[in-house]
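Chemist: In the working numbering, the protein residues as written are 16 to 238. Following this message is one structure expressed as C-alpha coordinates.
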(Lines of atoms letter the chains of each structure in order from A and count residues from 1; the text may use other names and numbers.)
(Lines give C-alpha, C1' and ligand atoms only; values in the text may rest on other atoms or scores of the structure.)
Protein backbone atom coordinates (compact mmCIF):
# COMPACT_ATOMS: atom_id res chain seq x y z
CA UNK A 1 0.00 0.00 0.00
CA UNK A 2 1.39 3.38 -1.00
CA UNK A 3 1.29 6.34 1.35
CA UNK A 4 1.85 10.06 0.99
CA UNK A 5 5.55 10.78 0.94
CA UNK A 6 6.38 7.49 -0.76
CA UNK A 7 8.46 7.54 -3.92
CA UNK A 8 7.69 5.60 -7.10
CA UNK A 9 10.49 5.87 -9.60
CA UNK A 10 11.27 9.58 -9.87
CA UNK A 11 7.95 10.65 -8.35
CA UNK A 12 7.10 11.56 -4.75
CA UNK A 13 3.43 11.27 -3.74
CA UNK A 14 2.10 14.54 -2.30
CA UNK A 15 -1.69 14.29 -2.21
CA UNK A 16 -4.43 11.79 -3.07
CA UNK A 17 -6.67 13.34 -5.73
CA UNK A 18 -9.17 10.64 -6.70
CA UNK A 19 -9.87 6.92 -6.95
CA UNK A 20 -11.14 5.14 -10.05
CA UNK A 21 -12.11 1.65 -11.05
CA UNK A 22 -8.60 0.24 -11.21
CA UNK A 23 -6.31 2.99 -10.01
CA UNK A 24 -5.79 5.83 -7.58
CA UNK A 25 -4.67 9.28 -8.71
CA UNK A 26 -2.08 11.22 -6.73
CA UNK A 27 -0.54 14.63 -7.08
CA UNK A 28 3.16 13.92 -7.29
CA UNK A 29 6.40 15.77 -7.80
CA UNK A 30 9.01 14.65 -10.31
CA UNK A 31 12.42 15.48 -8.93
CA UNK A 32 14.81 17.07 -11.39
CA UNK A 33 18.14 18.92 -11.36
CA UNK A 34 18.68 21.43 -8.54
CA UNK A 35 15.55 20.28 -6.74
CA UNK A 36 13.18 21.26 -9.57
CA UNK A 37 9.93 19.32 -9.04
CA UNK A 38 7.16 19.94 -11.59
CA UNK A 39 3.78 18.47 -10.50
CA UNK A 40 2.26 15.48 -12.27
CA UNK A 41 -0.81 13.33 -11.78
CA UNK A 42 0.31 9.79 -10.97
CA UNK A 43 -2.12 6.95 -11.63
CA UNK A 44 -1.20 3.96 -9.47
CA UNK A 45 -2.72 0.51 -9.86
CA UNK A 46 -4.76 -0.36 -6.77
CA UNK A 47 -3.43 -2.97 -4.34
CA UNK A 48 -6.14 -5.55 -5.05
CA UNK A 49 -5.22 -5.58 -8.76
CA UNK A 50 -1.42 -5.80 -8.49
CA UNK A 51 -1.36 -9.56 -9.09
CA UNK A 52 -4.13 -9.58 -11.71
CA UNK A 53 -2.60 -9.69 -15.23
CA UNK A 54 -5.83 -8.37 -16.74
CA UNK A 55 -5.62 -5.05 -14.89
CA UNK A 56 -1.88 -4.75 -15.41
CA UNK A 57 -2.45 -5.19 -19.16
CA UNK A 58 -5.19 -2.55 -19.10
CA UNK A 59 -2.82 -0.05 -17.51
CA UNK A 60 -0.13 -0.94 -20.05
CA UNK A 61 -2.67 -0.43 -22.84
CA UNK A 62 -3.64 2.98 -21.48
CA UNK A 63 -0.01 4.03 -21.56
CA UNK A 64 0.56 2.58 -25.05
CA UNK A 65 -2.52 4.23 -26.52
CA UNK A 66 -1.94 7.58 -24.87
CA UNK A 67 1.69 7.86 -25.96
CA UNK A 68 0.47 8.49 -29.52
CA UNK A 69 -1.94 11.23 -28.40
CA UNK A 70 -0.65 14.80 -28.30
CA UNK A 71 -3.52 17.28 -28.37
CA UNK A 72 -4.61 20.27 -26.32
CA UNK A 73 -7.90 18.56 -25.43
CA UNK A 74 -6.38 15.23 -24.34
CA UNK A 75 -4.52 14.68 -21.07
CA UNK A 76 -0.91 13.90 -21.96
CA UNK A 77 0.80 10.78 -20.64
CA UNK A 78 4.38 11.58 -19.68
CA UNK A 79 5.78 8.35 -18.34
CA UNK A 80 5.04 4.72 -17.48
CA UNK A 81 6.91 2.70 -14.91
CA UNK A 82 7.02 -0.09 -12.35
CA UNK A 83 8.62 -0.37 -8.95
CA UNK A 84 8.52 -3.48 -6.79
CA UNK A 85 5.58 -4.83 -8.77
CA UNK A 86 3.58 -1.61 -8.54
CA UNK A 87 2.72 -0.05 -11.90
CA UNK A 88 2.02 3.62 -12.48
CA UNK A 89 1.36 6.19 -15.22
CA UNK A 90 2.55 9.79 -14.93
CA UNK A 91 0.22 12.30 -16.63
CA UNK A 92 0.04 16.05 -16.92
CA UNK A 93 -1.59 17.58 -13.87
CA UNK A 94 -4.76 19.49 -14.76
CA UNK A 95 -5.67 21.86 -11.95
CA UNK A 96 -9.45 22.13 -11.82
CA UNK A 97 -12.51 19.88 -11.54
CA UNK A 98 -14.27 17.19 -13.54
CA UNK A 99 -17.33 17.91 -15.63
CA UNK A 100 -19.20 15.56 -13.28
CA UNK A 101 -18.31 17.79 -10.34
CA UNK A 102 -19.66 20.84 -12.19
CA UNK A 103 -22.89 19.09 -13.22
CA UNK A 104 -23.47 17.79 -9.69
CA UNK A 105 -22.80 21.22 -8.16
CA UNK A 106 -25.35 22.85 -10.46
CA UNK A 107 -27.94 20.15 -9.72
CA UNK A 108 -27.43 20.63 -5.99
CA UNK A 109 -28.26 24.31 -6.40
CA UNK A 110 -31.26 23.63 -8.63
CA UNK A 111 -29.60 25.36 -11.58
CA UNK A 112 -28.92 24.44 -15.19
CA UNK A 113 -25.76 25.07 -17.15
CA UNK A 114 -25.74 28.09 -19.42
CA UNK A 115 -26.34 26.95 -23.02
CA UNK A 116 -23.28 28.77 -24.35
CA UNK A 117 -21.09 27.10 -21.72
CA UNK A 118 -22.51 23.65 -22.47
CA UNK A 119 -21.91 24.07 -26.20
CA UNK A 120 -18.36 25.31 -25.61
CA UNK A 121 -17.54 22.32 -23.39
CA UNK A 122 -19.04 19.88 -25.89
CA UNK A 123 -17.23 21.50 -28.81
CA UNK A 124 -13.90 21.08 -27.04
CA UNK A 125 -14.72 17.47 -26.13
CA UNK A 126 -15.58 16.74 -29.76
CA UNK A 127 -12.18 18.11 -30.78
CA UNK A 128 -10.58 15.55 -28.46
CA UNK A 129 -12.73 12.72 -29.85
CA UNK A 130 -12.06 13.63 -33.49
CA UNK A 131 -8.34 13.66 -32.77
CA UNK A 132 -8.41 10.30 -30.98
CA UNK A 133 -10.62 8.69 -33.63
CA UNK A 134 -8.35 9.76 -36.49
CA UNK A 135 -4.97 9.23 -34.81
CA UNK A 136 -2.26 7.13 -36.40
CA UNK A 137 0.92 5.48 -35.17
CA UNK A 138 4.46 6.45 -36.19
CA UNK A 139 4.04 4.44 -39.41
CA UNK A 140 0.90 6.36 -40.33
CA UNK A 141 -1.39 3.40 -39.65
CA UNK A 142 -4.81 4.16 -38.07
CA UNK A 143 -4.99 3.31 -34.37
CA UNK A 144 -8.78 2.81 -34.57
CA UNK A 145 -9.26 4.22 -31.06
CA UNK A 146 -12.70 4.10 -29.46
CA UNK A 147 -12.59 5.53 -25.93
CA UNK A 148 -15.67 3.59 -24.69
CA UNK A 149 -15.96 5.56 -21.44
CA UNK A 150 -16.77 9.12 -22.48
CA UNK A 151 -18.49 10.30 -19.31
CA UNK A 152 -18.49 13.49 -17.20
CA UNK A 153 -16.01 11.97 -14.75
CA UNK A 154 -13.43 11.59 -17.52
CA UNK A 155 -13.64 15.19 -18.75
CA UNK A 156 -11.36 17.59 -16.87
CA UNK A 157 -12.00 21.34 -16.71
CA UNK A 158 -8.95 23.40 -15.86
CA UNK A 159 -9.03 26.74 -14.05
CA UNK A 160 -7.70 28.26 -17.30
CA UNK A 161 -10.82 27.12 -19.18
CA UNK A 162 -9.27 24.09 -20.87
CA UNK A 163 -11.34 20.96 -21.54
CA UNK A 164 -9.38 17.70 -21.55
CA UNK A 165 -10.43 14.08 -22.07
CA UNK A 166 -8.68 11.51 -19.91
CA UNK A 167 -8.66 7.81 -18.97
CA UNK A 168 -8.14 5.60 -22.02
CA UNK A 169 -7.92 2.57 -19.72
CA UNK A 170 -10.71 0.62 -21.42
CA UNK A 171 -10.31 2.14 -24.88
CA UNK A 172 -10.49 -0.17 -27.86
CA UNK A 173 -7.57 0.25 -30.21
CA UNK A 174 -5.35 -1.63 -32.62
CA UNK A 175 -2.68 -3.86 -31.04
CA UNK A 176 -4.06 -3.80 -27.51
CA UNK A 177 -2.46 -6.21 -25.06
CA UNK A 178 -5.71 -6.88 -23.20
CA UNK A 179 -8.78 -8.01 -25.11
CA UNK A 180 -12.22 -7.77 -23.51
CA UNK A 181 -13.85 -11.16 -23.04
CA UNK A 182 -17.08 -11.88 -24.86
CA UNK A 183 -20.11 -10.99 -22.76
CA UNK A 184 -18.18 -8.53 -20.57
CA UNK A 185 -19.24 -4.87 -20.56
CA UNK A 186 -16.81 -2.17 -19.49
CA UNK A 187 -17.90 1.41 -18.95
CA UNK A 188 -20.87 3.18 -17.41
CA UNK A 189 -24.26 1.85 -18.51
CA UNK A 190 -26.02 5.22 -18.38
CA UNK A 191 -23.91 6.61 -21.21
CA UNK A 192 -23.45 3.53 -23.41
CA UNK A 193 -24.64 3.36 -26.99
CA UNK A 194 -27.23 0.62 -27.70
CA UNK A 195 -24.77 -1.40 -29.79
CA UNK A 196 -22.44 -1.61 -26.79
CA UNK A 197 -25.22 -2.97 -24.59
CA UNK A 198 -26.06 -5.53 -27.29
CA UNK A 199 -22.42 -6.68 -27.47
CA UNK A 200 -22.26 -5.67 -31.14
CA UNK A 201 -19.28 -4.33 -33.08
CA UNK A 202 -18.65 -0.69 -32.19
CA UNK A 203 -16.82 2.19 -33.81
CA UNK A 204 -16.23 5.87 -33.09
CA UNK A 205 -19.98 6.60 -33.25
CA UNK A 206 -20.38 4.91 -29.86
CA UNK A 207 -18.26 7.68 -28.31
CA UNK A 208 -20.39 10.32 -30.03
CA UNK A 209 -23.51 8.75 -28.51
CA UNK A 210 -21.93 9.09 -25.06
CA UNK A 211 -21.09 12.72 -25.81
CA UNK A 212 -24.68 13.41 -26.89
CA UNK A 213 -26.02 11.98 -23.62
CA UNK A 214 -23.64 14.29 -21.76
CA UNK A 215 -24.78 17.31 -23.77
CA UNK A 216 -28.41 16.55 -22.95
CA UNK A 217 -27.51 16.20 -19.29
CA UNK A 218 -25.73 19.54 -19.26
CA UNK A 219 -28.56 21.40 -20.98
CA UNK A 220 -31.58 19.69 -19.37
CA UNK A 221 -30.09 19.41 -15.91
CA UNK A 222 -30.93 15.72 -15.69
CA UNK A 223 -29.79 12.46 -17.25
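Think of the CB as a built atom: it goes at the ideal place given N, C-alpha and C, for glycine as much as any other residue.
Would you identify the three-state DSSP class for residue 34, choosing helix, strand or coil?
Modeler: Of the three classes helix, strand and coil, the one that applies to residue 34 here is strand, per DSSP.
Chemist: Could you give the distance in angstroms between the alpha-carbon of residue 42 and the alpha-carbon of residue 48?
Modeler: Rounded to the nearest angstrom, the two C-alpha atoms are 20 Å apart.
Chemist: What residue range does the alpha helix (DSSP H) around residue 142 cover?
Modeler: 130-148 is the span of the alpha helix (DSSP H), which, as asked, contains residue 142.
Chemist: Spatial neighbours of residue 24 within its chain, please: C-beta separation below 6 Å, excluding the five flanking residues on both sides.
Modeler: The residues are 96, 98.
Chemist: So, under 8 Å CB-CB, residue 224 and residue 208 are touching, yes? Tell me the CB distance rounded to an integer number of Å.
Modeler: With 8 Å as the limit, residue 224 and residue 208 qualify as a contact, their Cβ atoms being about 4 Å apart.
Chemist: Just verifying my parser: in three-state terms, what is the DSSP assignment at residue 90?
Modeler: Reduced to three states, the DSSP call for residue 90 is coil.
Chemist: From 138, 159, 130, pick the residue whose C-alpha is nearest to that of residue 216; which is it?
Modeler: Ranking 138, 159, 130 by Cα distance to residue 216 puts 159 first.
Chemist: Going by DSSP, what residue range makes up the alpha helix (DSSP H) through residue 228?
Modeler: That run of the alpha helix (DSSP H) goes 220-235.
Chemist: Per the contact definition of three or more C-beta pairs closer than 8 Å, is the region 75-83 in contact with the region 129-138?
Modeler: Segments in contact, no.
Chemist: In three-state DSSP terms, what is residue 77?
Modeler: Residue 77: helix per DSSP, three-state reduction.
Chemist: Please classify residue 239: does DSSP put it in a helix, a strand, or coil?
Modeler: Beyond the ends of the chain as shown, which are 16 and 238, falls residue 239; an answer cannot be given.
Chemist: Comparing C-alpha positions only, which one of 151, 51, 39 sits nearest to residue 63?
Modeler: For residue 63, the nearest C-alpha among the options comes from 39.
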